[in-house]
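*Asks:* Using numbering that gives the first Met the number 0, you'd call the opening residue of the sequence shown number 0 and step up by one each time.
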Amino acid sequence: MITGLIVFGIIFAIAGIILGVLGGIIVLAFKLVFVLIPALFVLAIVIGIPAVVILGIIKLLR
0 MITGLIVFGI IFAIAGIILG VLGGIIVLAF KLVFVLIPAL FVLAIVIGIP AVVILGIIKL
60 LR
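#1: Look at the alpha carbon of residue 2 and the alpha carbon of residue 36, and state the distance between them as a whole number of angstroms.
#2: Alpha carbon to alpha carbon, what distance is there between residue 22 and residue 40?
#3: Tell me the rounded alpha-carbon separation between residue 31 and residue 60.
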């Protein structure tokens with residue numbers, strides 16, 4: 000009885016570890032998609048607009 004409980008405990012512990020790791024990977028993937036990609040778009044806009052303005056000024060000065 001005790002050994003059966005110990006074996007069950009070990010099996011559930013291993014299953015919990017595996018599911019925890021998989022869940023962590025999935026959460027990181029979602030964070031990557033929903034946080035980093037919009038952040039990159041914002042960064043591109045923040046860098047892009049001044050660059051376009053500067054290029055426009057340079058063209059006007061020529």
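Glycine is no exception: its CB is placed at the ideal position from the N, C-alpha and C atoms.
*Replies:* Answer, in terms of the structure:
#1: To locate residue 2, count along the sequence shown from 1; it is residue 3. To locate residue 36, count along the sequence shown from 1; it is residue 37. When rounded, the distance between both Cα atoms is 50 Å.
#2: Counting from one through the sequence shown, the residue named residue 40 turns up at place 41. Counting from one through the sequence shown, the residue named residue 22 turns up at place 23. When the Cα atoms are used, residue 40 and residue 22 turn out to be separated by approximately 27 Å.
#3: As a working mapping, residue 31 is identified with position 32 in the sequence shown. As a working mapping, residue 60 is identified with position 61 in the sequence shown. Each residue's Cα considered, the two are about 42 Å apart.
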